[in-house]
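Count along the sequence shown from 1, add 1, and you get the number used in the working numbering.
Backbone N, C-alpha and C define an ideal beta-carbon position, used for all residues, glycine too.
Only a predicted model underlies this, so the values are computations on that prediction, with no experimental measurement involved.
Below: one structure, written as structure tokens.
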Amino acid sequence: MIRFFLASVLLACSSMVYAQYSPVSSHNQKGKVFAYWGWNRASYTQSNIHFKGQEYDFTLKSVVAKDRPTHFTARYFNPSKMTIPQYNFRIGYFISPEFSLSFGFDHMKYVMKQDQTVNITGHISGSGTEYDRAYQNEPIKLTGDFLKFEHTNGLNYLNIELRRMHNLLDERKLRIKNIELNIFEGAGVGILYPKTDVTLLNFDENDQWHIAGYGMNLVGGLNVTFFKHFFIQAEMKGGYINMPDILTTNFPQDHASQHFFFFQGNTNLGVIFKL
């Protein structure tokens, strides 16, 4: 929750700073196209996960999960392996001197912490395991023979954002040759398209791409542009994810649902040019 608080503070501060400046005609982004590729670290609040199928209907409460970053190696820049780490891709267009519309693909990874103990309510039957019985808000250890639950391929957030950008050095006495320093803030909405890795009891997993739900987010950050066309960008992004239809097993009626808040810290490299 501290990270969410810091993200909120950053967004609020960037808005206040923006309010103290007035854009001038020398810095007009209208008509420009930008694209970037970057990498993220993500964190998630605890969530209740509801599993429902023909043989079971139960809820796990306050489940803890984390991301799964890839160790920094040359694969981050290898075109054939660039999609293995947690990454962010975005392409956008400035519809006015300050505002841009963009489409983004945020590839996060969500991994349930194995062997944690949570409370379970509901029932399980027909699995032929020791877990076949009724539960009433009692503790259970999430061992590998009971449940493995991961959005590792991944927790994919496809989103559209409206962002507002302002050049902090766009006063003649503050300008630095060939360098632009910008702040931005924005909001977005989108869908969740995960490929979820679930091993539940002795049921076969599904392992298919699937639209599982929706998300919404706020974003803010700092952009440094060099020679008008190349930039480095740091972002803080936080939002809400609701997935009511997560595929779990090979039985079409089986699914899981969960909702939680997320936070990203992103580092991006990009280009910008005028059409």
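Burial state of residue i, where buried means 16 or more other Cβ atoms lie within 10 Å
{"i": "residue 274", "result": "exposed"}
{"i": "residue 23", "result": "With a pLDDT of 45 at residue 23, under the threshold of 50, the modelled position of this residue cannot be trusted; read the value that follows with caution. Residue 23 should be labelled exposed."}
{"i": "residue 25", "result": "Below a pLDDT of 50, predicted positions are generally treated as unreliable, and residue 25, at 44, falls in that range; the measurement from the model is reported next regardless. Exposed is the call here."}
{"i": "residue 230", "result": "exposed"}
{"i": "residue 186", "result": "buried"}
{"i": "residue 234", "result": "buried"}
{"i": "residue 238", "result": "buried"}
{"i": "residue 126", "result": "exposed"}
Nearest residue (CA-CA) to residue i, options the options
{"i": "residue 197", "options": "203, 234, 223 and 152", "result": "152"}
{"i": "residue 167", "options": "244, 269, 100 and 254", "result": "100"}
{"i": "residue 57", "options": "250, 244 and 189", "result": "250"}
{"i": "residue 160", "options": "179, 203 and 241", "result": "241"}
{"i": "residue 118", "options": "62, 76 and 92", "result": "62"}
{"i": "residue 50", "options": "79, 243, 269 and 253", "result": "243"}
{"i": "residue 97", "options": "28, 226, 271 and 47", "result": "28"}
{"i": "residue 270", "options": "261, 237, 225 and 220", "result": "225"}
{"i": "residue 132", "options": "64, 147, 120 and 122", "result": "147"}
{"i": "residue 223", "options": "268, 92 and 116", "result": "268"}
Neighbourhood of residue i by C-beta distance below 8 Å, restricted to the same chain and skipping five residues each side
{"i": "residue 212", "result": "192, 193, 194 and 246"}
{"i": "residue 77", "result": "40, 71, 83 and 86"}
{"i": "residue 124", "result": "57, 58, 59, 134, 135 and 136"}
{"i": "residue 177", "result": "170"}
{"i": "residue 109", "result": "41, 43, 68, 87, 152, 155, 156, 157, 158, 263 and 265"}
{"i": "residue 180", "result": "170, 225, 226 and 227"}
Residue i, enclosing beta strand (DSSP E) - first and last residue
{"i": "residue 248", "result": "231-248"}
{"i": "residue 69", "result": "Run containing residue 69: none; DSSP gives neither H nor E here."}
{"i": "residue 168", "result": "148-168"}
{"i": "residue 193", "result": "180-193"}
{"i": "residue 198", "result": "198-201"}
{"i": "residue 1", "result": "This structure leaves residue 1 out entirely; the chain is present only between 2 and 276."}
Bridge partners - residue i, DSSP secondary structure assignment
{"i": "residue 124", "result": "58 and 135"}
{"i": "residue 268", "result": "40 and 235"}
{"i": "residue 140", "result": "120"}
{"i": "residue 260", "result": "243"}
{"i": "residue 108", "result": "88 and 157"}
{"i": "residue 100", "result": "165"}
Sequence-distant residues of its chain with Cβ nearer than 6 Å to residue i (five each side left out)
{"i": "residue 199", "result": "150, 206 and 249"}
Cβ-based neighbour list, residue i, same chain, cut-off 7 Å, excluding 5 preceding and 5 following
{"i": "residue 128", "result": "56, 202 and 203"}
{"i": "residue 94", "result": "34, 101 and 102"}
{"i": "residue 256", "result": "53, 246, 247, 248 and 249"}
Cβ of residue i within 8 Å of any chain C Cβ
{"i": "residue 218", "result": "The chain labelled as chain C is not found in the depicted structure, where only one protein chain is given."}
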